[in-house]
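Taken in order, these protein sequences are the chains called B and P.
Quick note on numbering: the first sequence equals residues 1 to 359 in our numbering.
Quick note on numbering: the second sequence equals residues 1 to 291 in our numbering.
Positions of the beta carbon are idealized from the N, C-alpha and C atoms, including for glycine.
Since the structure is predicted, the reported quantities are computational estimates derived from the model, not experimental observations.
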Amino acid sequence: MTALAETTGRSAEKYRVTRSRRNVAWTGIGALVVVVVLALFPYIIGAGTETIMVQGFIILTLASMWNLLAGYAGLVSVGQQVFVGLGAYFVLALNINRVPMFSALPVAAIGCGVAAIPLWWLVSRLRSGYFAIATWVLATTVELIIEKISSLGSGTGLSLPHTPSLSSAVLEAYTYWIGLAVTVLALLAVYLLLRSRLGLVLTAVRDDEVAARSSGARVGLARMIVFVVAGIGCGAAGALLAVSQLIVQPSAVFSVQWTAEMAFAVIIGGLGTIEGPILGTIVYMVLQQTLASYNAWYLIILGLVAIVIAIFARRGLWGLVDDYLHVRLFPVGYWLWDPAAAGRSRSLRFGRRAGGKHS
Amino acid sequence: MVWINDIITGILIGGLYALFACGLSLMFGVMKVINLAHGDLAVVGGYLAVGVITVTHIPVLWSFVVVVPLMAVLGYVLQRTVIQAALNRSILTTLLVTFGLSVVIENGLLQFESANSHSLGVGNSIITSSFSIGSQITIAYLLLLIFVVAVVVLGGMQYFLSRSRYGRMIRAVADDQEAAQLSGIDYRHVFGIAAAIAFGTVALAGIAYGMYSQFAPTTGTDTILLFAFAAVVIGGLGSLWGTLLGGVVLGVSQAIGAQISGSDEFLAGYIVFLVVLVLRPQGLIARRSTS
């Protein structure tokens, strides 16, 4: 209110509504530099680190998709592992039919997007918690059906039969680059999606669903698009998993642990921001690597941290960063830009309710 | 005749599923919380029973006398602290928090109790023996006992909710939290009571499951939560007797699936669940006003 009162004294043309107070180009250049450095990694680091990085790419891709579902569309899916599993099995099925595994990856991702449509039809009639468990039941059902197909290895799974005849170092490097590409595309897709009209609809729904519906927002369609996009993304991550491990086992690819990991990365990093899953994935990977020798401890600690953050700091670690530094690397909301206050941290934010960690 | 025997067994197992499901249904009906840790709590009940039996040498069938009150207290405390704190934020937060709890409990059990399976009452004559009707039909005493317990628990809950003072308070809070609060009801306390009942029943179900089959840390999410949820949805959201019907339908479809092929047992149950979800999303028995 004080900010509005101040505006009356000055001429209005000095103010403009913008997505960011800084030039977005700088963020773009920064992101490009990071991607180029990451792309050069295989020339610098060893194969062991590459494998860990690929795991990080998988988690980050999954987390971005889960963030889109839970953070923007209000859909808490506990069954996203169904797409990880389907993505991996599409790669396996294509590879059995002599499709090279790297070319199978994009086909698998699209296949998961197509599969998401009937799955959405089944679960879309449920809301909130019932939606959550229904997706879980659906994932288990799909797993049980796939375990019945003997040509895909039944309950034990299969190794990819036609792997490229490359030295392991080159294969690892290729896998790394594919992983990086999948992750960059996933983040880019989420960013562009949220800046589009759809992002506006989702923001409106998040703030007040009834008001959004009465203003003509097609909420059901928006949610379906998000579910399909998340299906494609999680499917790509699952395909990446198959390509990196060269083996597909039903209990491993359809494990609910995938959903636990993506959800924890998002909650810890910050639900409802694009930066959150990136930060959350880094925290996740560090914890997982340091506690790797203590078996299940990393999931216990991650779970406890996620519970504490979900209750006490709903916007996660990135929310804390944002509160103190007012940084937004991927601006998808709108700000009121005030030239007089530029440099000071006094802008009104429109895209997201200002302040109020506990709002 | 094999079919009849299996269907009778399926009906009786339905009682066990209803016992799993009624707590889930109650917590959703009263607080609008879907407790994603519900299945893991049943497993915790099972592990508590193992511990209590080892320490006190109490007969297996009586272990619930200690375990159920313990879990009820845990339910009240968890509801008044963690779950209430999450509820104060949003429904979404309760999902995140209970999912976190589920993962923490499951991996905690894996860490401290190993992945080995446990079962309760091996060698106890009541638990392992059965009786025959005619030459073909054999019914396990245990399954009959579990079914009777389930009917008694569901009937007791129904009576408690419709007749008792606390039951009236629970229904009032479920119907309109703010109006109930204006009438002087502390809804947080009422939520605690409802959670205590839910945790108590799920502990009882966990013990029953341990006697009927065996449990490991992952059983809670692999099977129990999904079965409980399927029973609730098949029966109809928010109806206690519907939950029993849902459990029976699930049990019978699993029995029929197992007859078709041993590996189709669970799949058949889930397919029936999905068919009900598509054709009759409100469940076989439509929602009533009770809880």
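1. Using CA coordinates, which residue listed in Leu237(P), Ala205(P), Leu245(P) and Val278(P) is at the minimum distance from Val43(P)?
2. Between Ser128(B) and chain P, is there a C-beta pair that is closer than 7 Å?
3. Of all the CB atoms in chain P, is at least one closer than 7 Å to the CB of Thr156(B)?
4. Are the Cβ atoms of Gly79(B) and Trp136(B) separated by less than 7 Å?
5. Does any CB atom of chain B fall closer than 7 Å to the CB of Phe147(P)?
6. Using the beta-carbon of each residue, which ones in chain B are nearer than 8 Å to Pro281(P)?
7. Roughly how many angstroms lie between the CA atoms of Asp122(B) and Ser215(B), to the nearest whole one?
8. Beta carbon of Ile311(B), beta carbon of Ala86(P): below 7 Å?
9. For Trp318(B), I'd like the list of residues in its chain whose CB is within less than 6 Å of its CB, leaving aside the five on either flank, ordered along the chain.
10. Note down, in chain order, each residue of its chain lying with its Cβ closer than 6 Å to the Cβ of Ser150(B), except the 5 sequence neighbours on either side.
11. Any idea what DSSP makes of Gly41(B), helix, strand or coil?
12. Quick one: which chain B residues come within Cβ less than 8 Å of Ile34(P)?
13. In the structure shown, what three-state DSSP assignment does Ala216(P) receive?
14. With 16 as the cutoff for other CB atoms within 10 Å, does Thr2(B) come out buried or exposed?
15. When the Cα of Gly294(P) is compared with those of Leu109(P), Cys22(P), Thr93(P) and Leu101(P), which residue comes out closest?
16. Can you tell me the Cβ-Cβ gap for Ile193(P) and Gly242(P), rounded? I've got them flagged as a contact below 8 Å.
17. With a threshold of 7 Å between beta-carbons, can Ile117(B) be considered close to chain P, or not?
18. Hey, does Val50(P) have any beta-carbon neighbour from chain B nearer than 7 Å?
19. If you run the structure through DSSP and keep just helix, strand and coil, what is Ser374(P)?
20. In angstroms, rounded to a whole number, what distance separates the CA positions of His38(P) and Ile133(B)?
21. Against chain B, with Cβ distances strictly below 7 Å, would Ile299(P) count as a contact?
22. Going by alpha carbons, who is nearest to Leu68(B) out of Cys234(B), Val54(B), Gly157(B) and Val142(B)?
23. According to the neighbour-count rule (16 or more other Cβ atoms, all chains shown, within 10 Å of its Cβ), is Glu209(B) buried or exposed?
24. One question on the structure: do Val249(P) and Ile271(P) come within less than 7 Å of each other, judged by their Cβ atoms?
25. For Val137(B), return the contacting residues in chain P, with the cut-off set at a CB-CB distance below 7 Å.
26. Would you grab the beta carbon distance between Val361(B) and Trp258(B) for me? Rounded to a whole angstrom, and I think it's under 8 Å.
27. Please report whether the beta-carbon of Thr281(B) lies at a distance below 7 Å from any beta-carbon of chain P.
Taking the definition as stated:
1. Position 43 of the second sequence, counted from the start, is the residue given in the question as residue 43(P). Out of Leu237(P), Ala205(P), Leu245(P) and Val278(P), Ala205(P) has the C-alpha closest to the C-alpha of Val43(P).
2. In the first sequence, residue 128(B) corresponds to position 128, counting from 1. Cβ-Cβ to chain P under 7 Å: yes for Ser128(B).
3. Stepping through the first sequence from its first residue, residue 156(B) is reached at position 156. No, no contact with chain P.
4. In the first sequence, counting from the first residue as 1, residue 79(B) sits at position 79. In the first sequence, counting from the first residue as 1, residue 136(B) sits at position 136. Yes, Cβ-Cβ distance for Gly79(B) and Trp136(B) is below 7 Å.
5. As a first step, residue 147(P) is located in the second sequence; it is residue number 147 there, counting from the start. Chain B contact via Cβ: absent.
6. Taking the second sequence and counting its residues from 1, one reaches residue 281(P) at position 281. Neighbours of Pro281(P) across chain B, judged by C-beta separation under 8 Å: Arg125 and Leu126.
7. Numbered from 1 along the first sequence, position 122 holds the residue referred to as residue 122(B). Numbered from 1 along the first sequence, position 215 holds the residue referred to as residue 215(B). Residue identity check: residue 122(B) is Leu in the sequence provided, not Asp. Per the coordinates, the alpha-carbon of Leu122(B) lies some 27 Å from the alpha-carbon of Ser215(B).
8. Mapped onto the first sequence, residue 311(B) falls at position 311. Mapped onto the second sequence, residue 86(P) falls at position 86. The answer is yes: Cβ separation under 7 Å.
9. Position 318 of the first sequence, counting from 1, holds the residue named residue 318(B). Hits under 6 Å: Gly269, Gly270, Thr273, Glu275, Gly276 and Leu279.
10. For the purposes of this step, residue 150(B) is taken as the residue at position 150 of the first sequence. Cβ within range, chain order: n/a, list empty.
11. To locate residue 41(B), count along the first sequence from 1; it is residue 41. Residue 41(B) is actually Phe in this sequence, not Gly. The three-state secondary structure of Phe41(B), taken from DSSP, is helix.
12. Counted from its first residue, the second sequence places residue 34(P) at position 34. Here the neighbours are Ser128, Gly129, Tyr130, Ala132 and Ile133.
13. For the purposes of this step, residue 216(P) is taken as residue 216 along the second sequence, with counting starting at 1. The DSSP-derived three-state label of Ala216(P) is coil.
14. Against the first sequence, residue 2(B) aligns to sequence position 2. At Thr2(B), the pLDDT of 46 sits below 50, so the modelled position is not reliable and the matter cannot be decided from this model.
15. Outside the displayed span of chain P (1 to 291) sits residue 294(P), for which this structure offers no information.
16. If you number the second sequence from 1, residue 193(P) lands on position 193. If you number the second sequence from 1, residue 242(P) lands on position 242. Going by Cβ atoms, the distance from Ile193(P) to Gly242(P) rounds to 22 Å, so no, they are not a contact pair.
17. Looking up residue 117(B) in the first sequence gives position 117. No - not a single Cβ of chain P is within 7 Å of the one on Ile117(B).
18. Here residue 50(P) corresponds to residue number 50 of the second sequence, with the count starting at 1. Chain B contact via Cβ: absent.
19. Because residue 374(P) is not part of the residues shown, which for chain P are 1 to 291, the question remains open.
20. Walking along the second sequence from the start, residue 38(P) turns up at place 38. Walking along the first sequence from the start, residue 133(B) turns up at place 133. Answer to the nearest angstrom: the Cα atoms are 11 Å apart.
21. No answer is possible for residue 299(P): it lies beyond the span of chain P, which begins at 1 and ends at 291.
22. Taking the first sequence and counting its residues from 1, one reaches residue 68(B) at position 68. Among Cys234(B), Val54(B), Gly157(B) and Val142(B), the Cα nearest to that of Leu68(B) is on Cys234(B).
23. Here residue 209(B) refers to the residue found at position 209 when the first sequence is read from its first residue. Exposed: under 16 other Cβ atoms inside 10 Å.
24. Here residue 249(P) is taken as the residue at index 249 of the second sequence, counted from 1. Here residue 271(P) is taken as the residue at index 271 of the second sequence, counted from 1. It is not a contact, given that the beta carbons lie outside the stated cut-off.
25. On the first sequence, residue 137(B) is found 137 positions in, with the first residue counted as 1. Those within 7 Å of Val137(B) in chain P are Leu226, Phe229, Ala230, Tyr270 and Phe273.
26. No information on residue 361(B) is available, as it lies outside the stretch 1 to 359 that chain B covers here.
27. For this step, residue 281(B) is matched to residue 281 along the first sequence. No, Thr281(B) lies away from the interface with chain P (no Cβ there is under 7 Å from its Cβ).
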